Structures are given as structure tokens and as C-alpha cells.
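**Q**
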Amino acid sequence: MSVESHEGVHRHPAPTGFIRKYIFSVDHKVIGIQYIMLALAAVAVGMTMSLLMRLNLSWPGTHWPILETLFPTGAPGGVMTPEFYLSLVTMHGTIMVFFVLTTAPQGGFGNYFLPIQIGAEDMAFPVLNMLSFWVTFVGFIVILLAIFVEGNQSIGEWFAGLGPSFAGGSGTVGPIGGWTGYAPLSALGKVAGPGQGAGMNLWVISIAIFCIGSLLGALNFITTLLNMRTKGMSLMRMPLTCWAWFTTAVLALLSFPVLLGGGILLLLDRIAGTSFFIPSGLYVSGLLSGSNPNFPLHTGGSPILWQHLFWFFGHPEVYIAILPGMGATSHILATFARKPVFGYRAMVFAIFAIGLLGFFVWGHHMFISGMSPYSAIAFSVLTLSIGVPSAVKTFNWLGTLWGARIRFTTAMLFALGFVSLFVAGGITGLILGQSSLDLAMHDTYIVTAHFHLVMGVASIFGMFAALYFWFPKMFGRFMNETIGKIHFWLTFVGVYTIFVPMHIMGIVGMPRRYSSFAEYRFLDSLHPLVVLVSVAAVITIFAQILFYFNVFWSIFKGKKASDNPWEATTLEWTTATPPPHDNFAGVLPTVYHGPYEFAVPGAPNDYVMQTDVGADVPSGNGHNGHKH
Amino acid sequence: MGRVLAVIIWIITLLSVLLFVSGKWWFPAAISEHAPALDRQFLITIIVVGIAFTAAQVGLGWMVWKYRDTGSAADRAVYSHGSNRLEVVWTVITAVIFITLGLMGQSVWASLRLHDAPPGSYTVEVVAQQFQWNFHYAGKDGKFGRTDPKFIDDGSLNFVGLDSTDGSASDDAVTSTLAIPVNRPVELRLRSKDVIHNFWVPQLRFKQDLVPGMEIKVHFTANRVGKYELACAELCGQLHFKMRSFMLVLPEEEIQSLQAMPQEQFQARVQELLNQYQLPTYQ
Chain A
104 MSVESHEGVH
114 RHPAPTGFIR
124 KYIFSVDHKV
134 IGIQYIMLAL
144 AAVAVGMTMS
154 LLMRLNLSWP
164 GTHWPILETL
174 FPTGAPGGVM
184 TPEFYLSLVT
194 MHGTIMVFFV
204 LTTAPQGGFG
214 NYFLPIQIGA
224 EDMAFPVLNM
234 LSFWVTFVGF
244 IVILLAIFVE
254 GNQSIGEWFA
264 GLGPSFAGGS
274 GTVGPIGGWT
284 GYAPLSALGK
294 VAGPGQGAGM
304 NLWVISIAIF
314 CIGSLLGALN
324 FITTLLNMRT
334 KGMSLMRMPL
344 TCWAWFTTAV
354 LALLSFPVLL
364 GGGILLLLDR
374 IAGTSFFIPS
384 GLYVSGLLSG
394 SNPNFPLHTG
404 GSPILWQHLF
414 WFFGHPEVYI
424 AILPGMGATS
434 HILATFARKP
444 VFGYRAMVFA
454 IFAIGLLGFF
464 VWGHHMFISG
474 MSPYSAIAFS
484 VLTLSIGVPS
494 AVKTFNWLGT
504 LWGARIRFTT
514 AMLFALGFVS
524 LFVAGGITGL
534 ILGQSSLDLA
544 MHDTYIVTAH
554 FHLVMGVASI
564 FGMFAALYFW
574 FPKMFGRFMN
584 ETIGKIHFWL
594 TFVGVYTIFV
604 PMHIMGIVGM
614 PRRYSSFAEY
624 RFLDSLHPLV
634 VLVSVAAVIT
644 IFAQILFYFN
654 VFWSIFKGKK
664 ASDNPWEATT
674 LEWTTATPPP
684 HDNFAGVLPT
694 VYHGPYEFAV
704 PGAPNDYVMQ
714 TDVGADVPSG
724 NGHNGHKH
Chain B
7 MGRVLAVIIW
17 IITLLSVLLF
27 VSGKWWFPAA
37 ISEHAPALDR
47 QFLITIIVVG
57 IAFTAAQVGL
67 GWMVWKYRDT
77 GSAADRAVYS
87 HGSNRLEVVW
97 TVITAVIFIT
107 LGLMGQSVWA
117 SLRLHDAPPG
127 SYTVEVVAQQ
137 FQWNFHYAGK
147 DGKFGRTDPK
157 FIDDGSLNFV
167 GLDSTDGSAS
177 DDAVTSTLAI
187 PVNRPVELRL
197 RSKDVIHNFW
207 VPQLRFKQDL
217 VPGMEIKVHF
227 TANRVGKYEL
237 ACAELCGQLH
247 FKMRSFMLVL
257 PEEEIQSLQA
267 MPQEQFQARV
277 QELLNQYQLP
287 TYQ
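Chains A and B are the protein sequences, given in the same order. Its first residue numbered 104, the first sequence is counted upward by one per residue in the working numbering. Its first residue numbered 7, the second sequence is counted upward by one per residue in the working numbering.
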């Protein structure tokens, strides 16, 4: 028996005013959708930036009238300046990593579905949940201002009112430092050149704000999952999505405070004259530190300290981005394979192993940074070890598909795409994780290819899968499957065409973060590949218009969905579509089975829902088992 | 749909592998003693990676080709929660392969980074600054003149902050091109005046950050005479992409005669050699 939904019957009254219902809502479902909308806005900005970067790399010096209109200072005459390109690099990375890959997978889908999947009425701390979204939102506004404070004279002048550190309007378009913001470039201020003024201050502030929002969210996820599971929902009966969101929250809880601390120190170096990351005796732009009011005295700081703080956060962050995608993929694969997840326990252990090892490998970003060469060896071997649980997950996904009866929905296509891309992107970690090979590979395009495929595109595919899958539950209507499939084919082929050639560029030695390769003869032969990648990027980016159209059209016009349209097993499919304010209309469900009981021999349907009483499940996860 | 997806996955896999084995694009020819070992390790690794990538993609394609839903309610998937034996097998196998690769990958690193430069190495101090390289040579006396940031004056071309009152500074030379001997260990003492830069010569298979506030000593041995491009591989600001110089690998005699020259002559000769040598021809 599944829990019946009673439309309109709520034990807890839902808010009625527009503002409390949709804006400052404490309902985890509304907050989840807000996070997803934020990510959709952010990814549009980030993707547009990558489009502009590709145009510049392939067709340098071309006059683009649209650029001139949009960025009169960053692209005078419609031609991109090097500093404009670098600020695009910085903003693209920052927006994508923080405001897309950290918001949608966890804050978006996690927020919406974790409470429902464990049978809770809401998050443990609904007000905190609302705050975490709005703090993150403020962070997004600040990062957008970081683009314009320097590029736009009037915004720059307004900020000047806050003090000299915030005076902008210098003519570049945003901060320059990459998403990693290495000190002392990021710490010195305007003396270090374009992109180091007010925009960089706002960049640091935005990240600090983001850290706070993520911390609040992480606390909420952990508490909710540990304390609010419904009757019968033992830990080993949770969907793998919940394990992924939980582990992600633990990673966020332990890593974001380190970045927050680092960010505050960096900001102090920039505006309060401290020297956490700035060493003595610097001579920058013709000025000796301390010899000039524009360049005050700094002594005794360590640039490498910033890298340690940053990557202690930054490496777990890549797992924060991808673990929810792994969870969603496992969930969706099982549903459309019509088969239990292969090796559920191994999957749980693998998620934990990845999360745990993720804290001991940050040094592989720093092999050639000047840190101890002995520690490089430890970091390197640990890094290769993290491939083991990643491989275990892949084997289990393939095991899940073995003997399946696959239904090729758009969600399933994206989940299968996730597996393919995760392998393609992750496996080159075996190359980059070796300190010896890093001597050649560090900061070349093979790094760009590796992390874009695995933490960027694979994670995004996980989110595409999740959205096509859960959209009917969230909005009561399906996304259009035909448009969805065209979107899948174009994107799947597109991202491979973009990122596979980048590996080759890296092997040849092409450095990242170059606005032009014209200076270097050893890169000349790569030009055809550079153009190929750009053409593929343009097509793939434009294909995303289909996706945006599909989302917004389907919210209003999509085909109506029933409560359990995919014939799935977990609790979100036992309640109404879309779920009522308190998720289960006053009656919390009781759970009797593991999460993925498909194809149970003898059962009337090919799926047994977690709430089905009396179904004879021969080998549930940890319960009702041992009856072979 | 499953068959289409399988075929597309296989085509992508095939094209990706072809791109790597085509040989059209690869490392530029190596010119350092440690590079062949590094290239071999790279080759071994990429073969393992290639096999694993291909196996996983072909397997994935096979699953979606074979296990389509037949639309018949009676025809159900295999009911299986997994196999502990398989989990153990594939965990152990991947652990052995990955960790072996990881350990193998330390040998080149250890040979370069866990030892000091051998005695008799040719030493150059490298001082990077935003968008420019400075190479400081000890001169005839083999002793580097004292440097201090307070003497740095780019305006009067004292880029490295040489203390002119120090006797051993008088025969030192500073150039914007790196000149090193062939077949002799070279020690670079890397410093930066402002932000982090990175010393990168693709043919050397060698990178190292130059970190302000630190002096990082690294060494390698170049084994082919010639002129090579030197790039900065750590984002250092607006003109990062233009922070190019050259590395000249010269016969020992040439280095000896350079060493005996006063700075102006040294610089002029390096400039002359820079024009004389050609870059390697790339495909």
C-alpha cells in the first residue's frame, strides 16, 4: 500500500501570501527550486563567458560588434583585450564551480528530494534553509558586481563611496586570478595590474558569502538525514541519492570553513595591510614594497599557504560537485534499468571512500608549487588510490545495466551519458595524479580537459538527468521528451568533441589561461584543433537553448504527470504530484523495503515501492533478507 | 534508441583513440636526460588509461545495445543485488593497477626532486617578474654577486637587484635569454619579484613554479643543442600569455667563453646566438 495523497489536506498550513510562498519561503521544495533557478541563471552567464573565450581563442583579433556594445571597455572596438579574456576565465570558473556545480546538485535537488526520500515533512531547520539560499543569492549578486565594478564607470564610482578599496571603473571587466585566485597576485591589489582592484575584493567577498551559505546548508542536510528519517527508513534503505547528498554535506561542512578563513585572510591582505600571503621584499610594477603609499610594506607571508588553504577546500569541492550526480545517476539507472542497484553496499562504501580520500589529495594540485617533494609522493599515491572507489562505482553501474530491461527516457540517456563522461574524464586522473607526469602536464589543456569532463560536464549530465527525471514530480508536468532527446544527442556528442581534443593540446604543451597562442611556435600545429573545439563549443552552447526552452515551456505546457509516472520505488513517488506543503499530506509513510526493488520475482509489478506492505522481497537491503 | 546510443558511444571511443594514436599531435621531441623515462611512464599510463577507457565505453555500449526493454510486462530484468565476490575482485585488481602506476610514477620525480644538483652543475639564478624573465650568471669568478630587492631598479636595468658594491657582482651577467650547457647538469635557483610564475620548456618535460619569497632549487640535464621556447605556466596577470623567452642549449666551449665575457659582451653574444639558432621544426 502506498501512502495516499489527499489533495488540499494539510496538517501544517501552507503559507498563502506570494512572498512567503515563493520568495522568502521556508519550504524545502520551494528553496530547492530557487537553487535550481539560481543555477540556471548562473550557468547561462558562465556558458556565455566560455562562448566569448572560445571566439577569442579561435578567431583572435576579430571584430565582434556585439562585444563592443556589451563591453565597451573590455573589448574596445569589439576586439577582446587580454585582461578581458582573463577576467572571463576567472568569472567563468568561479561562477560555474560555486554557483552552478555547488548549488544545483546539492542545494537544488538535494533540498527538494532529500526530505521527501527519507520521509520527512521538511528540513530540520527550515528558516536556516531559507537563509542559506538567500545568503548564496547575495553571493551571486556580489560576484556579478565584481564583473561590472571595474568595467562600468558609474557602478565603479558608486562603489568608490565605500572606500578607496572599492573604487572601480579601471577599464577591465572583472577580477583576474582564475577561480583559484593564487596569491600574491590576488593579494597585492591594484599595484599588480589590471583586474586586481575593486573587482577582486568583491570576488573574495562573494566567495566568503558563498561559504557561509553552504555551511548553513550542510548543517541542515546532516541533521535532517540523521534525525528525521521516517519509520522503517534505516540508513541502508536510503536511496543512494541520500547517501551522496549526506556525504556531500559532510565534505562541505569540513571544507568550506577553511576557504572562508582563507578568504578572510586574503581580504585582510588586500585592504588591511596584513601579510598572510605576501612575502617580504616584493618589487611589483616598478615599486618596492613599502617604498610608496600605493604599495605598503608587506613582510613574512607565504604564497603557498593560500594554495594549501584553497586546495584543502578545492579538492573536496570537486567531489561536492560530482557526488550528487553519482547519486542521481545510480538512482535513475536502477529505475530505468528496471533492476536493483548492483552492489548497493559497495556503492555506499565507495561514496564514503571517495569523500574520505578526497581530503588527503589536495596536494596533487601543488606538485610543482614549491612544496616539499616528499609530500608530493604521498599525495600522488593517495590520488591514484582515489581512482579505486571511482572504478568500483563504474563497475557497479555497468553491473546494474547487466541483464536490465532499459527504458530509454531522456533522463536515462543523460544518466548513461554521465557514466560515459565520468569514465572519460575521471580516468585521466591516473595521468595527472602522477607527480612525474605533472612536470609536463601541469597547467596545460589536459588539466582543463580532465576537470571539465569529470567535474563539469559529467556533473552537469547528472543534473540534466535529475531534472528530466524529477521534473514531473516538481512541476506536475513532463519535460518534452523529443526536445529532451535532441538536447541529449547534441550535448553528448558536443562535449566529447570539445574536450577530447583538449587532451591532445595538453600533451603538445598548450598552457591554460592564455588569451592568445600567437607567441609560441610549438603550438602552431594545434590551430585546427583549437578551431574544431570552438566550433563544437558554439554548437553545444546553442543547443542549450533547447534545454532552456524545454524547462520553461514544460512548466506551463508540458504533458501532465501522474504520481508515479516512471514506475519508480522510492518515497518521492508515493506522494502527490507535485507534493503538498508537508510532503505527505499529514501521514508520514512507513518503509518496508530497500530503495531499488525492481524485477522482484513473484511480485505483481516489476517494481516494489518502499512503502508496499506485504510484498515478498527475497533480498532487501539489510532487512527482510536471508530468505533465499 | 539503445542501439543508436551504443553505436554513438563506440564511434566516440574509436575517434578518441584514433586521435591519440594518429601521431599527428604529440609531445615535442625531448631534450633532457630524464625526459625519455617520463615519456615512457606517460606511454605506459596512457595505454592503461586507453584500455580502461575503451573497455568501459565498449562495455557500456554493449549493455545499452543488448539490454533494451522489450515492452513485455512478463519479461523482467535479472533480479540481482550484486555479487560480493565481484566487488572484491574488481576492487583488488584496480587497486593493484592504480597504485602500481602511482608508485612507478614517482621514479622520475624522485630522481629530479629528492636530490640536490650534482657537483659541477652549471648554476643560473632565474628571477621572474611580471611578463619578463631574467637570468643571472655568476661570471668568471663562479660566484654570484649579492642581490637584494632594495637594489632592484627596472628603470636602470638592474632587474635582479645586484649590489654593485659587492666585488663578486662585477663580472656577473644578466640576460633575458637562458643559456645553458649541453650534457651537463644545470641547477636553476628560481625566484620571483612579484607574483607566482612558472618555468616551462615543453622539450625539457619540466615545470617549476617561481614563488616570491622563496628560492627554489631545481636541476636537470639538457642533452641536445638548440633553441627552445620558454613559457610561463602559472597565471601571472594581464600579459601572462606573452611572458615568453628562449632557452639556448649550447656546447660546453660556448658556455665557457660566455662565462669569461663581461656583461655587455655576454649579452651581445647571447643575442647573436639567439638569432643564429633556429627553433626545432614542429610537425
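We put the CB at the ideal spot given by N, CA and C, even for glycine. Given the structure is predicted, the values throughout are model-derived calculations rather than measurements.
Are any of the Cβ atoms in chain B nearer than 8 Å to that of residue 179 (chain A)?
**A** The sequence position of residue 179 (chain A) within the first sequence is 76, counting from 1. Taking Cβ atoms only, chain B never reaches closer than 8 Å to residue 179 (chain A), which makes this a no.
**Q** Give the interface partners of residue 97 (chain B) over in chain A, defined as CB-CB distance under 7 Å, in chain order.
**A** The residue you call residue 97 (chain B) lines up with position 91 of the second sequence. In chain order: 491 and 495.
**Q** Counting Cβ pairs closer than 8 Å, one from the stretch 38-54 of chain B and one from the stretch 405-419 of chain A, do we hit at least three?
**A** No, because fewer than three Cβ pairs between the stretch 38-54 of chain B and the stretch 405-419 of chain A fall closer than 8 Å, the two stretches do not touch.
**Q** At a Cβ cut of 9 Å, what residues of the stretch 368-402 of chain A count as close to chain B, listed as they run along the chain?
**A** Cβ contacts with chain B come from 381, 382, 383, 384, 385, 386, 387, 388, 389, 391, 392 and 394.
**Q** For the ligand SAM, I want to know if residue 491 (chain A) counts as a neighbour, meaning its beta carbon is within less than 7 Å of at least one of the ligand's heavy atoms.
**A** Summarising the ligand content, the structure contains no ligands, and the ligand SAM is consequently not present.
**Q** Give every residue of the same chain whose Cβ lies closer than 6 Å to the Cβ of residue 743 (chain A), excluding the five residues on either side of it in the sequence, and list them in chain order.
**A** For residue 743 (chain A) there is no data in the structure shown, the boundaries of chain A being 104 and 731.
**Q** Are the Cβ atoms of residue 580 (chain A) and residue 496 (chain A) separated by less than 8 Å?
**A** Counting from 1 along the first sequence, the entry for residue 580 (chain A) is found at position 477. Counting from 1 along the first sequence, the entry for residue 496 (chain A) is found at position 393. Not a contact, by the Cβ cut-off of 8 Å.
**Q** Would you mind listing the alpha helix (DSSP H) stretches within the stretch 147-215 of chain A that are 4+ residues and don't spill past its ends, in chain order?
**A** List check, alpha helix (DSSP H) in window: 168-173 and 185-197.
**Q** Please confirm if residue 258 (chain B) has its CB atom under 8 Å from at least one CB of chain A.
**A** Taking the first residue of the second sequence as 1, we reach residue 258 (chain B) at position 252. Output row for residue 258 (chain B): interface = no.
**Q** Going by DSSP in three states, residue 120 (chain A) sits in which element: helix, strand or coil?
**A** Reading the first sequence from its first residue, position 17 is the one you call residue 120 (chain A). In this structure, residue 120 (chain A) counts as coil in the three-state DSSP scheme.
**Q** Taking just the CA atoms, how far does residue 221 (chain A) sit from residue 331 (chain A)?
**A** On the first sequence, position 228 is the one that residue 331 (chain A) refers to. On the first sequence, position 118 is the one that residue 221 (chain A) refers to. Between residue 331 (chain A) and residue 221 (chain A), the C-alpha separation is close to 7 Å.
**Q** Quick one: residues in its chain with C-beta nearer than 6 Å to the C-beta of residue 145 (chain A), no 5 flanking neighbours on either side, listed in chain order?
**A** Along the first sequence, read from residue 1 onward, the residue named residue 145 (chain A) stands at position 42. Closer than 6 Å at Cβ, skipping near neighbours: 198, 202 and 203.
**Q** Helix or strand or just coil, what does DSSP make of residue 471 (chain A)?
**A** Here residue 471 (chain A) corresponds to residue number 368 of the first sequence, with the count starting at 1. DSSP places residue 471 (chain A) in coil when its eight states are reduced to three.
**Q** Where do the ends of the beta strand (DSSP E) carrying residue 225 (chain B) lie?
**A** The count along the second sequence starts at 1 and reaches residue 225 (chain B) at position 219. Residue 225 (chain B) -> beta strand (DSSP E) spans 222-227.
**Q** Does the structure place the stretch 240-250 of chain A close enough to the stretch 303-320 of chain A that three or more beta carbon pairs sit under 8 Å?
**A** In short, these stretches touch, since the Cβ pair count reaches three.
**Q** Could you name the residues of the same chain whose beta carbon sits closer than 6 Å to that of residue 574 (chain A), not counting the 5 residues immediately before and after it, in chain order?
**A** For this step, residue 574 (chain A) is matched to residue 471 along the first sequence. Contacts found: 582.
**Q** Drop a sphere of 10 angstroms on the beta-carbon of residue 461 (chain A), count the other beta-carbons inside from all chains shown, and report buried for 16 or more, exposed for fewer.
**A** Taking the first sequence and counting its residues from 1, the one referred to as residue 461 (chain A) is at position 358. Label assigned to residue 461 (chain A): buried.
**Q** With 16 other CB atoms within 10 Å as the buried threshold, where does residue 513 (chain A) fall?
**A** Residue 513 (chain A) sits at position 410 when you count from the first residue of the first sequence. Looking at its Cβ environment, which holds 16 or more other Cβ atoms inside 10 Å, residue 513 (chain A) is buried.
**Q** Can you tell me whether DSSP reads residue 139 (chain B) as helix, strand or coil?
**A** Here residue 139 (chain B) is taken as the residue at index 133 of the second sequence, counted from 1. The answer is strand: DSSP assigns residue 139 (chain B) an E or B state.
**Q** If you follow the beta strand (DSSP E) that residue 237 (chain B) is part of, which residue opens it and which one closes it?
**A** Translated into the one-based positions of the second sequence, residue 237 (chain B) becomes position 231. Run containing residue 237 (chain B): 232-238, per the beta strand (DSSP E) assignment.
**Q** When the cut-off is 8 Å and only beta carbons count, does residue 292 (chain A) lie next to chain B?
**A** To locate residue 292 (chain A), count along the first sequence from 1; it is residue 189. Judged by the 8 Å Cβ criterion, residue 292 (chain A) is not in contact with chain B.
**Q** Along the chain, which unbroken stretches of the alpha helix (DSSP H) at least 4 residues long are found entirely within the stretch 375-404 of chain A?
**A** None, since the stretch 375-404 of chain A contains no complete alpha helix (DSSP H) of that length.
**Q** Tell me whether the beta-carbon of residue 228 (chain B) lies closer than 8 Å to the beta-carbon of residue 210 (chain B).
**A** Counting from 1 along the second sequence, the entry for residue 228 (chain B) is found at position 222. Counting from 1 along the second sequence, the entry for residue 210 (chain B) is found at position 204. It is a contact, given that the beta carbons lie within the stated cut-off.
**Q** Should residue 73 (chain B) go down as buried or exposed, given a rule of 16 or more other Cβ atoms within 10 Å for buried?
**A** To locate residue 73 (chain B), count along the second sequence from 1; it is residue 67. Its Cβ being crowded by 16 or more others within 10 Å, residue 73 (chain B) is buried.
**Q** Please confirm if residue 83 (chain B) has its CB atom under 8 Å from at least one CB of chain A.
**A** Counting from one through the second sequence, the residue named residue 83 (chain B) turns up at place 77. By this cut-off, residue 83 (chain B) is an interface position.
**Q** How about residue 299 (chain A) and residue 305 (chain A): do their beta carbons lie closer than 8 Å?
**A** Counting from one through the first sequence, the residue named residue 299 (chain A) turns up at place 196. Counting from one through the first sequence, the residue named residue 305 (chain A) turns up at place 202. Going by C-beta atoms, residue 299 (chain A) is not nearer than 8 Å to residue 305 (chain A).
**Q** Take residue 117 (chain A) and list the residues in its own chain whose beta-carbon comes closer than 6 Å to its own, dropping the five residues that flank it on each side.
**A** Here residue 117 (chain A) refers to the residue found at position 14 of the first sequence. If we look at residue 117 (chain A) and ignore the five residues flanking it on each side, its Cβ neighbours are 684.
**Q** Given that residue 204 (chain B) touches chain A, what residues does it touch there, using C-beta distances under 8 Å?
**A** As a first step, residue 204 (chain B) is located in the second sequence; it is residue number 198 there, counting from the start. 471, 545 and 546, listed in chain order.
**Q** Residue 154 (chain B): which of A:133, A:392, A:214 and A:491 sits nearest, CA to CA?
**A** Counting from one through the second sequence, the residue named residue 154 (chain B) turns up at place 148. Closest by alpha carbon: A:392.
**Q** Is DSSP giving residue 728 (chain A) helix, strand or coil here?
**A** Taking the first residue of the first sequence as 1, we reach residue 728 (chain A) at position 625. Only weak support is given to the placement of residue 728 (chain A): the predicted model assigns it a pLDDT of 38, under 50, and the value that follows is read from those uncertain coordinates. Residue state, collapsed to three classes: coil.
**Q** Can you tell me whether residue 198 (chain B) is helix, strand or coil according to DSSP?
**A** Position 192 of the second sequence, counting from 1, holds the residue named residue 198 (chain B). In this structure, residue 198 (chain B) counts as strand in the three-state DSSP scheme.
**Q** Which residues in the same chain have their Cβ closer than 7 Å to the Cβ of residue 14 (chain B), if we skip the five residues on either side of it in sequence?
**A** The residue given as residue 14 (chain B) occupies position 8 in the second sequence. Here the set comprises nothing.
**Q** Tell me whether residue 477 (chain A) sits in a helix, a strand or coil according to DSSP, three-state version.
**A** Taking the first residue of the first sequence as position 1, residue 477 (chain A) is located at position 374. In this structure, residue 477 (chain A) counts as helix in the three-state DSSP scheme.
**Q** Tell me which residue opens and which closes the alpha helix (DSSP H) that residue 51 (chain B) is part of.
**A** Taking the first residue of the second sequence as position 1, residue 51 (chain B) is located at position 45. Element bounds for residue 51 (chain B): 41-72.
**Q** Nearest by alpha-carbon distance to residue 207 (chain A): which of A:622, A:230, A:134 and A:154 is it?
**A** Locating residue 207 (chain A) in the first sequence gives position 104, where the first residue counts as 1. It is A:134 whose Cα lies nearest to the Cα of residue 207 (chain A).
**Q** Determine the DSSP secondary structure at residue 717 (chain A), reduced to helix, strand or coil.
**A** Indexing the first sequence from 1 puts residue 717 (chain A) at position 614. DSSP places residue 717 (chain A) in coil when its eight states are reduced to three.
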